[in-house]
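Working notes, structure below.
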Amino acid sequence: MSRAQVKSYLLSFAVFTLWAGAALAQNPLVRDHFTADPSAMVVGDRVYVYPSHDIYCEENNGRENWFCMQDYHVFSSDNLTEWTDHGVILHQEDVPWGNPTANSMWAPDCIERNGKYYFYFPDHGRESSVNGKGFTIGVAVADHPEGPFIPESQPIKGVKGIDPNVFIDDDGQAYLYWSQEHIYGAKLKENMLELAGDPVILKELPSKGLKEGPYMFKKDGAYYLTYPHVANKTERLEYAVGKSPLGPFDFKGVIMDESPTGCWTNHHSIIQFKGQHYLFYHHNDYSPGFDKNRSIRTDSLFFEDEGSIRKVVPTLRGIGVTKMTDRIQIDRYSALADKGASIAFLDNKKPFQGWMVELENGAWVKYNRISFHEKIHTVSIRIMASKAGKLALYSGNEKGQLLAKVRFSGGDNWEMIQKVITDDISGIHDIVLVNEEGGKVAVDWVKFE
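Using mature numbering (1 follows the signal peptide of the UniProt record, and there is no 0), the letters of the sequence shown map in sequence onto residues -25 to -1, 1 to 424.
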């Protein structure tokens, strides 16, 4: 893809900064600008996610057709369904030792200790910084997980590289991990701002192919070192297990396979929240033609009885329970007919407007985990079809409880059709939408009232 094509594709729509808003839980999580490299952290009854923020670099404003990040946001949720954007927490111009025009605010991490929140981030240092030019890692500190974060005057001495990750063991010892050709680990001092020992290379990982983005967690006394690795053409997520934070480690397997659409990178974090583990990662959903503009996702993660990680298959549906009164983006489906069903952008020039599902006659789409928390009276569906036809809406599956038969007229414009529902339904249910009559129909969303 040429520079001109990329600019035409990406700059044809505005990338908005939402200072205080909400996003729903389907994948991707953030729907108004690009996000990548999600670092998730549990604080009390909320999950906070610290991603990087992809933009497109124009000529003379960074390396074109490459990764370009200038700031960081933080998002939070108490139910993994509704996510609040708390706005920008750090910009490249705020970093005293950094290059304010490098556009290199790549994958970060954040951790709490003694009531303080320590935000670790890579940036290009100036000659005057303690580590000189090139990528190095700094720290910004806050009293609250959403900030404000104040960057330290110098980066961490003795660290050159990217992709910081911090882990605190049960005995209180903190460790910093990062990558640059290899994956490194080192102890941190109590102040969380300085190394307490020399870095070591974690050598037991696969010897061939790029390895980066380390993320460490502990479960049942075992230390899980997880990381992206280019074993073939693009990155997949792998893991190794050891008996101490700095190894040695035994390679165990793959957490997530390579992207089926060729997105070159993946970067992740793993948390446990309310008894369930989750994998946060990224993909280029909103930018299929340019994989340097990515979007964060999350899916549930499970362990086998002996401690191995069950491979995570990416979904569009994501996690959480959707309220019946939300606009249910049925294109973020949990299941789709093998034939006659497809997903497309509403407007190829404006990807942040989202997607639609297109159903040929006889095709269906399923969306799971909807909370019918009050009595429903009507269903509204946004539809566009070239000729008249009929949709059937069921609870459970296409042979389940019939909720409505929705007839629509043909035309070149979207129409919103409302249908009365007479049957009672309560609790958490799946819904299935079937094209029962007519030609191809496009559906944007479904909503119950």
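The beta-carbon is built from N, C-alpha and C at its ideal position, and this holds for glycine as well.
| Item | Value |
| --- | --- |
| Assigned exposure category for residue 354 - 16 Cβ within 10 Å defines buried | buried |
| Where residue 98 sits in the DSSP three-state scheme | strand |
| In DSSP terms, what residue 11 is bridged to | 27 |
| Stretch pair the stretch 403 to 411 + the stretch 386 to 393: three plus CB contacts closer than 8 Å | no |
| Exposure label - residue 197; buried when at least 16 CB within 10 Å | exposed |
| Bridge partners - residue 272, DSSP secondary structure assignment | 256 |
| Cα-Cα separation, residue 279 to residue 289 | 18 Å |
| Three-state secondary structure (DSSP) of residue 46 | strand |
| Cβ pair residue 70, residue 94 closer than 9 Å | no |
| Anticipated Cβ contact below 8 Å, residue 168 with residue 124, distance rounded | With a Cβ gap of about 14 Å, residue 168 and residue 124 do not count as contacting. |
| 3 or more residues per run - each beta strand (DSSP E) lying fully within the stretch 360 to 390 | 364 to 370, 376 to 383 |
| Close Cβ partners of residue 225 (< 8 Å) along its chain, the five nearest in sequence each way excluded | 179, 215, 216, 217 |
| DSSP state of residue 68 mapped onto helix, strand, coil | helix |
| Straight-line Cα distance separating residue 341 from residue 421 | 12 Å |
| Extent of the continuous beta strand (DSSP E) to which residue 247 belongs | 244 to 248 |
| Per-residue DSSP class, three states only, for residue 226 | strand |
| Reduced DSSP category for residue 278 - H, G, I as helix; E, B as strand; rest coil | strand |
| Sub-9 Å separation of residue 301 and residue 291 beta-carbons | no |
| Residue range of the beta strand (DSSP E) that includes residue 155 | 149 to 155 |
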